[in-house]
Each structure stands twice: as C-alpha cells, then as structure tokens.
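Participant:
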C-alpha cells in the first residue's frame, strides 16, 4: 500500500468515525443500549460509569484491525489506526475537556472548542433517553459557533502558591 493510500484510508476512517459515532449515539445509545448510556447523563459519585464500556467495543475493533493488518500494513491496519486516532481525540475532547474527568485541561479560549462544549452541554440538558440534540463529537451546528463568538472567552488567572510573597 502506498503512503498516499495509507493516509487516505486513515483519514477516511477518522472522518467516517464521526458519522459512526453520531449514528450509534443517536440510534443505539439513546435506543436499545440506553440502560448502559444512561449512566453518562445522570450525576453520580463514581469515577467510572457503565457508559465507559463502549470504549471496549471500539478499542477492540481498532486493535483487531491493527493486529490482522500489521503483517502487510494493508487497509485493515490503517483503518484500525484511524479508529484509534478518533478514539484518542474523543477521549481528550469529550472526557478531558468537556467533562473534566482528568483535571489538566479545564477551559479553552478556542472558539471551536467552546462551541463544541456548548453543543455537548445542550445534549446533556435532557437527562432522559428522548429529547436530546447534538449527538456527534467533532461536527458542531453553526448556531453554537455564533454563541461561542458572542460569549466572551474565559480569562486565564494564574494562581499564586499559598505561601508566595506578593
């Protein structure tokens, strides 16, 4: 497989995963698998939620494609790499930035990331199975870009250590 073909397969898989994520979220997670996904829409004191099991499905699919495509570095390898790339970005944007599950990336001044955050917050405004909107991760409705442009970006305040002299 040529480098150009490999990059094309990886890119197409990465971009296609946005549609797969939207479709699965809209029709499967808010459908027959709501009993697992519900844990993501309600407040709870636990570090993990049943919804976290979904990463096992996509991670396993990615791993299998990479393993079986590795000997020849064929399209399966690059599809697995595309799914893994999307999953990595999903983790950092969704779990770290939006939901703050790790505390090293709290707020962004970037308009796109702020619009994405607003869209996701609208998705979570409804805690039930029905009535949600904005099911994708990376694609953001234009109305949220408009809101992000109107709402001022957060200011950065550097904290002083408790015993620092001023």
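Numbering (the numbering used here), first residue to last: 413 to 578.
Using N, Cα and C, we set each Cβ at its ideal position, and we do this for glycine too.
Quick caveat, the model's predicted, so the values are computed rather than measured.
For the segment 422-483, list the beta strand (DSSP E) runs that are entirely contained and at least 3 residues long, ordered along the chain.
Facilitator: none
Participant: Check whether the segment 420-435 touches the segment 548-568, taking contact to mean three or more Cβ pairs, one atom from each stretch, closer than 8 Å.
Facilitator: yes
Participant: Please list the terminal residues of the continuous alpha helix (DSSP H) segment that includes residue 490.
Facilitator: 487-502
Participant: Are there 16 or more other CB atoms within 10 angstroms of the CB of residue 495, so buried, or fewer, so exposed?
Facilitator: buried
Participant: Taking the alpha-carbon positions, what's the residue 559 to residue 512 distance?
Facilitator: Straight across, the Cα-Cα distance linking residue 559 with residue 512 is about 21 Å.
Participant: So is residue 471 buried or exposed if we call it buried at 16+ other beta carbons inside 10 Å?
Facilitator: Answer is exposed; the Cβ neighbour count stays below 16.
Participant: Between residue 491 and residue 421, how many whole angstroms is the CB-CB distance? I'm expecting something under 8 Å.
Facilitator: 6 Å
Participant: For residue 418, which of 524, 452, 562 and 481 has the nearest alpha-carbon?
Facilitator: 481
Participant: Do you know offhand how far residue 458's Cα is from residue 446's?
Facilitator: 18 Å
Participant: For residue 484, count neighbouring Cβ atoms within 10 angstroms of its own Cβ and tell me buried if that reaches 16, exposed if not.
Facilitator: exposed
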